[in-house]
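Novice: Can you keep this structure in mind? I'll have questions shortly.
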Amino acid sequence: MSEQKGSHLNHIELWIQWKEHGDVEAKKRLIENHLGTVEYVSSRLAIGLPKNVSKDDLMSNGVMGLIDAIEKFDYKRGLQFETYASWRVRGAILDGLRQGDWVPRSVREKARKIEDAYQQLEQKYMRSVSDAEISNFLDVSEREFQTMLQDVAVMSITSLEDPIREEESETRMSLIVDEKAKNPDRSVNDFVLKDLLMKGIEKLTEKERTVVSLLYYEDLSLSEIAEVMSLSPSRISQLHSKAILRLRGALDKQRGLLMQDM
């Protein structure tokens, strides 16, 4: 009987039944209604992941994130649940990937070396540095540097999802999500990080900015971006990797400064 009643409830009525009356059937309907978000986020994150990473595993972790979002969401605040849920789902999937340690240590080391190179050189010259300058700093040929970028591309899709502070779950990109009851100091730090991210994007090359914009703001896949920009998917992957490593270097530097001030 309750299942039949739940099937006729509209969106807000489902939230009321679940949050105010603990109606489990209403909760099940909310989960069913938003499984598309899990499918979408899983498909996006699956791009570039190793073949041994099962999409079913991504979906399973994503569903757990969706359930967590439904349990914690405050419908009375008038926020878009889809936006809130997508970040919870994404976070749950990434947590699962991190626990699985699917990125080889050698790849992580390459990414860290490139990130450090961008951070040191761009701080030294106060401008975006070229591939030749990075290659020279790393003591590798430009061809070897391009290969390194291709190797680390597999982990760069999650780079902006790493925690801002190691002991916390908030990510760099999640700064755009409206969280409840932040303290003033935290709000100031978040504003600084947002501002730094914007400045970092401005310092990217035109092609790197385009890739970041199309991927994170226009919501296109890497293959779609390759078609739009008339470049190969591997080239788009390299541009994305360079952009993310530049941004990581800038954000990590600011994180260190913020931690010193706390």
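Heads up, the sequence shown is in this note's numbering, so the first residue is 114 and it goes up one at a time.
Just so it is clear, CB atoms sit at the ideal spot from N, CA and C, and this is done for glycine as well.
#1: Residues in its own chain within less than 7 Å of A356 by CB, not counting five upstream and five downstream?
#2: Below 8 Å between beta carbons: does that hold for G362 and Y238?
#3: Would the segment 177-190 and the segment 123-136 be scored as touching if the rule is three or more Cβ pairs under 8 Å?
#4: What span of residues does the alpha helix (DSSP H) with M239 cover, start to end?
#5: Tell me the rounded alpha-carbon separation between N123 and S219.
#6: Could you check the C-alpha separation between S350 and A266 for me, to the nearest Å?
#7: How close, in whole Å, do the beta carbons of G175 and I206 come, if the pair is a contact with beta carbons under 8 Å?
#8: Start and end of the alpha helix (DSSP H) containing H134?
#9: Would M311 be called buried (16 or more neighbouring beta carbons within 10 Å of its own) or exposed?
#10: Distance, Cα to Cα, G204 vs L148?
#11: Just reading off the alpha helix (DSSP H) that F250 is part of, what are its end residues?
#12: Applying the criterion that 16 or more other CB atoms from any shown protein chain within 10 Å of the CB defines a buried residue, is A224 buried or exposed?
#13: Would you call the CB atoms of G313 and L262 closer than 8 Å?
#14: Which ranges does the alpha helix (DSSP H) cover as unbroken runs of at least 4 residues, wholly within the segment 156-237, from first to last along the chain?
#15: Using a 10 Å radius around the Cβ and a threshold of 16 neighbouring Cβ atoms, would you call S354 buried or exposed?
#16: Would you tell me roughly how many angstroms separate the C-alpha atoms of E331 and V154, rounded to the nearest one?
#17: Rounded to whole angstroms, how far is the Cβ of L179 from the Cβ of L158, which I believe are closer than 8 Å?
#18: In the structure shown, what three-state DSSP assignment does H147 receive?
Specialist: Let me spell this out:
#1: L317, E321, V324, V325
#2: no
#3: yes
#4: Unbroken run through M239: none, as it is neither H nor E.
#5: 51 Å
#6: 6 Å
#7: 5 Å
#8: 124-134
#9: exposed
#10: 16 Å
#11: 244-251
#12: buried
#13: no
#14: 168-185, 194-213
#15: buried
#16: 14 Å
#17: No, L179 and L158 are not in contact; Cβ-Cβ is about 14 Å, not under 8 Å.
#18: coil
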